[in-house]
Amino acid sequence: MKRIMTVCLFFLGLAGAVAAQGELSGTIQIKGSDTMVNLGQAWAEAYSKAHPGVSVAVTGGGSGTGFSALIGGTCDIAETSRTIKEKEVALAQQKGFTPVEFKVAMDGLAVVVHPDNPVDGLTIDQLADIFTGRITNWREVGGKDLPIVLLSREINSGTHIYFKEHVLRKGRSDIFDEFSPMALLMPSSQAIAEETAQNENAIGYYGMGYVSPAQKALAVAKDAESDYVRPDVADVVSGRYPISRPLLMYTPGEPAGAVKAFLDFVLSPEGQRIVEKVDFVPIRPAAE
Amino acid sequence: MRRLKEFLIEKLILLSGITVIVFVVLIFVFLLKEGVAFFKEVPLSDFLGGKYWYPISEPPRFGILPLILGSLLVTLGATVFAVITSICAAFYIAEVAPPRVRDVLKTGIEILASIPSVVLGFVGMVTLVPWVKSAFHVPTGLTALSGAIMLGFMAMPTIISISEDALAAVPRHFKEGSIALGATRWQTMYRVTIHAAKPGIFAASMLGIGRVIGETMAVMMITGNAAVIPRTFLMPVRTLTATIAAEMGEVVHGSTHYQSLFAIGIILFLMTFVVNVTADYFLHRARD
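Note that the protein sequences, when read in sequence, are chains A and B.
Those letters in the first sequence? Residues 1 to 288, per my numbering, in order.
Those letters in the second sequence? Residues 289 to 576, per my numbering, in order.
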């Protein structure tokens, strides 16, 4: 009898779960930052598994595209890698809503060298000169008389693009510097880590999660007057570390229904694990 | 009844033969279909002669000259290394080795052939790469030379076993005649046997080269993938295959970059096609 009861309860529970899922339906349109497209898609896939009734469409185009879609009412969530401008808030308020910001992940890149390399810190300008090939010897930045070997990710990696835009081009749109053709394009962050660990000439960059005692993460300063800051989770979260930025999501007004469920999922431990999987920094350090 | 059975079997075999050819043709048609659109946007001369490979920059640059030269350099190095070693090994196995040693060697070579290339690449990365770096005092061990040596190992089993067959097929009376005329065993080998087996050895080498040009995983891991025009064997190179493998994963479908990777595929297909047809020609000459 007891067993029958259990089975009945199980099916009741199942029916309840199905009904609960049934409540969430419709579509969620997500637009914005190209850097975050993969992240958004990873979230969307996992979320759709839990809520088959909701279809989530993620498209890129850039943070600016995301904001204009949000204001124009053609998306439910804008994913952006910069904060909203006052002008954009004003435009949204004219339409009758105030965008709500959610910090969903962080993007922090460590610059790594061999542990025996005497160089401890570099400025963004020095990094740009090194990775574009203007500086080719460690002596020029206070190290030994050794050639610099540049290690980069493949060109399609978001990390590669981010590093190019924010370090090589210093976040400005009037600089068109490229990585030196001499840069070795490594297939994975792991490959960069291995080569850095065994090559005293090497300098590379990757998500801070990959840093181990076999490499030395450099302290980075915004300019010669600023403090040199090492990449750690606290300084990435606070924004003190210069090669990091928050990844954001904006909704038109307080989210509800499927959109709210999606954001809850994104901020849940499971959602933040996905953040790590696609090489970004979770806003809450995952329990290890 | 028996005749019908034979007729059916014959037609089935014919069909499987034709299927293989149909597949090759279909693959080529598919490559052309995806790749030809690319040449409407980028002239062939810019593609083959361009020195810079920046496919996702603004404006993009699709020059594959460094990639072609990278592939050729690695292939050349691997060929020289593999052919010399393999011919010596084949001679030893076919002419000199006592039967028991011969069996052990043949098994060993078969095992070498069965090692997956990603494993060889990994082994090369942690053993060969640091060795090349310290032995030649170069800034990084991720060079064309490392790739060539590793690929040489991959081509060896093919070259050794086909050359050995060719040597074994040299009619006995050739060798006996030579020895009867007073030549030593060594003189017989390099004056008589090798000439009689030449077309077979040549075909073996061409098939080995075919494998080397098309190899992807190992070269991607140990050649450094820097798209510069290589001047020496001790510089990093980027091969055609590694470019396709590294960039195909995240390219936007239908974009010029996507088409350019298919265009690289066409070039690669043509290169291996020429090599294989040459090998085939010599194999036939060896048999006639």
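Built from N, CA and C at the ideal position, the CB exists for glycine as well.
Predicted model, so just to flag it, every value in this text is computed and none were measured.
Contacts around residue i, its chain only, beta-carbon distance under 6 Å, and the 5 residues preceding and following it disregarded
i	result
Pro-118 of chain A	Gly-143
Phe-462 of chain B	Val-480, Ala-484
Ala-454 of chain B	Ala-485, Gly-488, Ile-489
Val-406 of chain B	Met-505
Asn-38 of chain A	Val-278
Gly-305 of chain B	none
Gly-435 of chain B	Val-362, Val-507, Ile-510, Thr-511
Leu-127 of chain A	Val-167
Ser-55 of chain A	Thr-27
Gly-22 of chain A	Caution is warranted here: a pLDDT of 49 is assigned to Gly-22 of chain A, below 50, making its placement in the model unreliable, and the coordinate value is therefore given only provisionally. Correct list: empty, nothing qualifies.
Leu-571 of chain B	Ala-491
Burial state of residue i, where buried means 16 or more other Cβ atoms lie within 10 Å
i	result
Gln-93 of chain A	exposed
Trp-474 of chain B	exposed
Arg-290 of chain B	exposed
Gln-190 of chain A	exposed
His-425 of chain B	exposed
Asp-76 of chain A	buried
Gly-60 of chain A	buried
Ile-532 of chain B	buried
Thr-472 of chain B	exposed
Tyr-206 of chain A	buried
Val-229 of chain A	buried
Lys-164 of chain A	buried
Glu-329 of chain B	exposed
Gly-470 of chain B	exposed
Val-392 of chain B	exposed
Tyr-210 of chain A	buried
Leu-291 of chain A	There is simply no residue 291 of chain A to check, as chain A begins at 1 and stops at 288 in what is shown.
Val-414 of chain B	exposed
Ile-497 of chain B	buried
Arg-245 of chain A	buried
Asp-227 of chain A	exposed
Neighbourhood of residue i by C-beta distance below 7 Å, restricted to the same chain and skipping five residues each side
i	result
Pro-282 of chain A	Ala-105, Gln-272, Val-275, Glu-276
Gly-133 of chain A	Ser-180, Met-182
Glu-200 of chain A	His-114, Asp-116, Asn-117, Leu-146
Val-417 of chain B	Gly-429, Leu-430, Ser-434, Ile-510
Ile-437 of chain B	Phe-369, Leu-416
Gly-40 of chain A	Ile-30, Val-58, Glu-79
Met-559 of chain B	Ile-501
Same chain, Cβ closer than 8 Å to residue i, neighbours up to 5 away in sequence not counted
i	result
Gly-338 of chain B	Arg-349, Phe-350, Gly-351, Ile-352, Leu-353
Asp-34 of chain A	Gly-60, Gly-61, Gly-62, Gly-158, Ile-161
Gly-66 of chain A	Lys-31, Gly-32, Ser-33, Cys-75, Ala-78, Glu-79, Thr-80, Tyr-250
Phe-102 of chain A	Leu-248, Met-249, Tyr-250, Thr-251, Leu-263, Val-266, Leu-267
Phe-335 of chain B	Phe-326, Phe-327, Phe-350, Gly-351, Ile-352, Ser-548, Ala-551
Pro-141 of chain A	According to the sequence as given, residue 141 of chain A is Val; it is not Pro. Excluding sequence neighbours, Val-141 of chain A sits near Val-119, Leu-122, Gln-126, Ile-130, Ile-135.
Closer than 8 Å at the beta carbon, the chain B residues around residue i
i	result
Leu-184 of chain A	Thr-428, Leu-430, Gly-512, Asn-513, Ala-514, Pro-524
Partner residues on chain B for residue i, Cβ-Cβ distance less than 7 Å
i	result
Leu-149 of chain A	Per the sequence shown, residue 149 of chain A should be read as Val rather than Leu. Near Val-149 of chain A (Cβ distances below 7 Å), the residues of chain B are Pro-427, Thr-428.
Residues bridged to residue i [DSSP beta-bridge criterion]
i	result
Trp-341 of chain B	B:Phe-350
Phe-289 of chain A	The question about residue 289 of chain A has no answer, for chain A in this structure spans 1 to 288.
Arg-153 of chain A	A:Met-186
Ala-203 of chain A	Reading the sequence as shown, one finds Ile at residue 203 of chain A and not Ala. For Ile-203 of chain A, which the question treats as bridged, DSSP gives the partners A:Val-113, A:Leu-150.
Gly-32 of chain A	A:Glu-79
Thr-123 of chain A	A:Ala-221
Lys-321 of chain B	Answer is none; Lys-321 of chain B lacks a bridge partner.
Ala-57 of chain A	A:Gln-29
Asp-107 of chain A	A:Arg-245
Asn-137 of chain A	A:Pro-147
Val-281 of chain A	A:Met-106
Glu-512 of chain B	Correcting the residue identity first, residue 512 of chain B is Gly in this sequence and not Glu. Partner(s): B:Val-525.
Lys-216 of chain A	A:Val-113
Under 9 Å by beta carbon: chain A residues contacting residue i
i	result
Tyr-340 of chain B	Glu-178, Pro-181
Met-289 of chain B	Ordered by position in chain A, no residue passes the 9 Å Cβ test against Met-289 of chain B, which lies about 57 Å from the chain.
Pro-418 of chain B	Gln-198, Asn-199
Lys-328 of chain B	By Cβ distance, chain A contributes nothing, its closest Cβ being about 23 Å from Lys-328 of chain B, past 9 Å.
Proximal residues of chain A, C-beta to C-beta of residue i below 8 Å
i	result
Met-509 of chain B	Pro-187, Ala-191
Proximal chain A residues relative to residue i, where beta-carbon distance stays under 7 Å
i	result
Lys-293 of chain B	Those do not exist, as Lys-293 of chain B stays about 53 Å from chain A at its closest Cβ, beyond 7 Å.
Lys-321 of chain B	Within 7 Å Cβ-Cβ: nothing; Lys-321 of chain B doesn't reach chain A, min ~23 Å.
Chain-ordered residues of the segment 191-217 of chain A with a beta carbon less than 8 Å from chain B | Ala-191, Glu-194, Glu-195, Gln-198, Asn-199, Asn-201, Ala-202
Would you list, in chain order, the members of the segment 342-368 of chain B that have their beta-carbon closer than 7 Å to a beta-carbon of chain A?
-> Tyr-342, Pro-343, Ile-344, Ser-345
Using a beta-carbon distance cut-off of less than 8 Å, what residues from the segment 401-414 of chain B approach chain A?
-> Met-413, Val-414
According to a CB-to-CB cut-off of less than 8 Å, which residues of the segment 466-495 of chain B neighbour chain A?
-> none
Which residues, in chain order, does the segment 94-121 of chain A contribute to contact with chain B at a C-beta distance below 7 Å?
-> none
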